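Enquirer:
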């Protein structure tokens, strides 16, 4: 698999970075500038597989810590909807199959107790 990422996928990631949710902004402000002692990336694009019709599939997690292969997802209320929950589980399976670890938080956790969120991530990093 080449490192080529289609422009339309790159544009989606750019838009996600420019239009972060309130929770994502709170989280980003809490972790940027090495506050976790690790570099945190926003909306990093990952190739996950090629379909039988040769279409490449990608995922774009909310945040990523490369040195630990840790993906951080912040879920809002839409993630409780059955179909979205199924897609999240499929996405999570693809992530784990590629030797990544994942940790999820809700908007409420991030917005109301960011210190606890940061502490949980630090524990996961150790």
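Numbering (the working numbering), first residue to last: 1042 to 1167. Ideal Cβ positions, reconstructed from N, Cα and C, are used throughout, including at glycine. Keep in mind it's a predicted model, so treat the numbers as computed, not measured.
What does the alpha-carbon distance come out to for the pair residue 1109 and residue 1045?
Expert: Numbered from 1 along the chain shown, position 68 holds the residue referred to as residue 1109. Numbered from 1 along the chain shown, position 4 holds the residue referred to as residue 1045. Straight-line Cα distance between these residues: approximately 23 Å.
Enquirer: Taking the straight line between their C-alpha atoms, what separation do you get for residue 1071 and residue 1159?
Expert: As a working mapping, residue 1071 is identified with position 30 in the chain shown. As a working mapping, residue 1159 is identified with position 118 in the chain shown. Going from the Cα of residue 1071 to the Cα of residue 1159 covers about 8 Å.
Enquirer: I'd like to check one pair, residue 1086 with residue 1107: are the Cβ atoms closer than 9 Å?
Expert: For the purposes of this step, residue 1107 is taken as residue 66 along the chain shown, with counting starting at 1. For the purposes of this step, residue 1086 is taken as residue 45 along the chain shown, with counting starting at 1. No.
Enquirer: Spatial neighbours of residue 1042 within its chain, please: CB distance less than 7 Å, with the 5 preceding and 5 following residues excluded, ordered by chain position.
Expert: For the purposes of this step, residue 1042 is taken as the residue at position 1 of the chain shown. Bear in mind that the predicted position of residue 1042 carries a pLDDT of just 49, short of 50, making it unreliable; the figure below should be weighed with that in mind. Within the same chain, residue 1042 has close Cβ partners 1088.
Enquirer: Rounded to the nearest angstrom, what separates residue 1061 and residue 1080 at their Cα positions?
Expert: By one-based count along the chain shown, residue 1061 stands at place 20. By one-based count along the chain shown, residue 1080 stands at place 39. Approximately 18 Å, taken between the alpha carbons.
Enquirer: From residue 1150 to residue 1132, what distance separates their C-alpha atoms?
Expert: Numbered from its first residue, the chain shown carries residue 1150 at position 109. Numbered from its first residue, the chain shown carries residue 1132 at position 91. Looking at the two C-alpha atoms, the distance is approximately 22 Å.
Enquirer: Does residue 1120 come out as helix, strand or coil in the three-state DSSP assignment?
Expert: Taking the first residue of the chain shown as position 1, residue 1120 is located at position 79. Residue placement at residue 1120 is flagged as unreliable, the pLDDT there being 48, under the threshold of 50; a coordinate-derived value is accordingly withheld.
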